[in-house]
Every structure is written in structure tokens, then in C-alpha cells.
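Asker: Below is the structure I would like to discuss, written out as C-alpha cells.
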């Protein structure tokens, strides 16, 4: 029995390490899937404006039929990305998710009634200064997802959301 | 997720979307609620059972009774067992503060069943199998953000197709 103790202990340690690794990597795995799906739909550094949620929608689990979603996969490897969200009277929010699915920053219609206008960067050490009025926000990862939610009250508000979306920006700073 | 005190049918992740969530919570949220908001923005409540602890199922009829929830706006949404909206054309998968028909005192009742039967508020269970109901409470009041459990609606089972009501 004694000769099995070493291998058993090693197997136990390896099992614990494997378990922790799988649990820690799971958010990255699902986030990578979401990022890749959005790249296919909208590319990189560009908003994908999701159609209205219906009973046929099968993109993200637990979709809300009362929300209009826009998603942008940002890539900061070549420099800052300019994010702009046109404000609306009804509820809206912008949430930023890092590669590990962490929601590291959020704005909404109450905290930012003027909308959002930022340069997203990998590090606070930005070589170029943004234009006046444009804030700098740093992301924990080079790639991530910017996500806008807007409240769809009725058919008329969907029309207003369509207009507002034309003024949203997600683009690499030239 | 543990049932909330006084509200046995409802469960909530207080750390969803938070930077303080532990690795297990993050893994579970990534599987079942990727891109969740943090609790300052939205609090999510889920029910997969009725008030008596019996699983919610398409073969039964339910009533959800409640009052306005303490936040800027809120909605109840019914999801099928695949975590997406049930595949039907009833246009009754969601009802909330913007369209709920309520009594003068603000209280409301939602019929949860495969058919409307004239109900003012209805969530369709058609093609949902074993479903769950989700509450999204947007911009919750400060006390709720800080951990207070609000007065949540109650889910009563009324009748089931193959058995009498309990």
C-alpha cells in the first residue's frame, strides 16, 4: 500500500491543479467564443448592431426582449480605440468586458446623461493626448468586448434607437 | 445559488458581473449569463421552482403576484430549458414595469401558461418545457444594491394538465 502513496498523492495534486486551471480558464473560453462570434458579425473595432430580440434569437443566453444590443470587439494591440455612445432619454448603458469576462467599466443614462466619448487604451501611458472632452480608460486586456444596451419601450423607441446607433462609434484611432 | 430568505423560489448571484466574484462564480456566470451587469447596474433573480419548491413546467399553469420593484425599471422574462426564449409566436415572453397592467395600488398578477385565457398580463409557456422565470431589476435602489432583498413576487401553481392542483 505504501508504494502507492506517492503516485496517489501526485495524482491528487495533478487533479487539483487541472480542476483549478479548468475553472479559471472557463470565462476566457466562453468570452473567446463571444468575441469570435461578434468578429464574424461585425469585425474588429466596429459596432455590430443586433436585430431586435425574438423567440428565434440564439446568440447569447438569456437575451432580453426589452433591450437593443450593440457589440464591438475592440483590439488595442495597434493603439487606442475611440468609443462613443449617443445618449438617449430612455435607459441605456455601455459596459466593457475584458478577455476574462470581467465587467471592468460601465456607464449609463443616469451617470453619463451626455453619453460616452472615450479613448480605450491598454495602458494609462498614452503617447498621444485625446481631443478635449474625450476621457482615457484603460483595459486589462488587449482584446475585449464593448456592449451597449438600450431599452426598447415600444416600436417607436426602436426607431429612435436605430437613429442613435448611427452616431455610435467604435474605431481605431488613426 | 442559495434561495433568498423569505422567497424560496428566487435565487440571485450578488457577485454577478462584479470584479469581486470568485473563480467558481465567474465560471458559472460565463456559462449561464455571459456579459452580466454588476449589481449597481442590474440585479438578476431566477426562479426554476414555484413557491412550494416544485419545478416550473410547461404542463402546469401558474400565477405570479407582486408589487412594483425598487428600481428604475424591471422586467420578468420566461426562458425555456435551453436558456433562450421559448420558440413560439405568442409575443408573450416578457412583461415589465413599462407594460404591466396593475391595480390602482400598484399590485399585479401575471398568468403563466400556454394560453392567455383573457389575462391582462401573460407569459407564454408554450414550447418551454421545464422553464425558468428571470427578473431584471435595473438601477436598483441603494439598499438593494447593498444587499437588501426586496419584496419579490410569489409564484403560485394553479393547476397541472395531468394532475389536480396542489
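Protein chains in written order, with the numbering used here: chain C, 135 to 308; chain U, 148 to 313. Idealized CB from N, CA, C, for every residue including glycine. Values in this document were obtained by computation on a predicted structure and should not be read as measured data.
#1: Below 8 Å between beta carbons is the criterion; list the residues of the segment 189-205 of chain C that meet it against any residue of chain U, in chain order.
#2: Output the residue ranges of the alpha helix (DSSP H) runs that lie fully inside the segment 164-241 of chain C and measure 4 residues or longer, sorted by chain position.
#3: Quick check on residue 151/U: does DSSP put it in helix, strand or coil?
#4: Give the secondary structure of residue 219/U by DSSP, where H, G and I count as helix, E and B as strand, and everything else as coil.
#5: So who's on the other strand from residue 287/U, going by DSSP bridges?
#6: For chain C, find out if any of its Cβ atoms is closer than 9 Å to the Cβ of residue 259/U; answer yes or no.
#7: Less than 9 Å separating the beta-carbons of residue 306/U and residue 275/U?
#8: Which two residues bound the contiguous beta strand (DSSP E) that contains residue 251/C?
#9: Along the chain, where does the alpha helix (DSSP H) containing residue 313/C start, and where does it finish?
#10: Kindly indicate which residue of 155/U, 206/U, 189/U, 240/U has the alpha-carbon position closest to the one of residue 287/U.
#11: Check each residue of the segment 163-182 of chain C: if its Cβ is closer than 8 Å to any Cβ of chain U, include it; give the result in chain order.
#12: I need the DSSP call for residue 247/C, collapsed to helix, strand or coil.
#13: Determine the extent of the beta strand (DSSP E) in which residue 271/U is found, giving its start and end residues.
#14: Could you give the DSSP three-state label for residue 153/C: helix, strand or coil?
#15: Distance, Cα to Cα, residue 308/C vs residue 255/C?
#16: Kindly list the residues whose CB is nearer than 6 Å to the CB of residue 267/U, restricted to its own chain and excluding five residues on each side of it in sequence; keep chain order.
#17: So, with DSSP's three-state summary, where would you put residue 300/U?
Answerer: Straight from the coordinates:
#1: 189, 190, 191, 192, 194, 195, 196, 197, 198, 199, 200
#2: none
#3: strand
#4: strand
#5: 218/U
#6: no
#7: no
#8: 250-255
#9: There is no way to answer for residue 313/C, as the model of chain C reaches only from 135 to 308.
#10: 189/U
#11: 163, 164, 165, 168
#12: coil
#13: 269-271
#14: helix
#15: 13 Å
#16: 248
#17: coil
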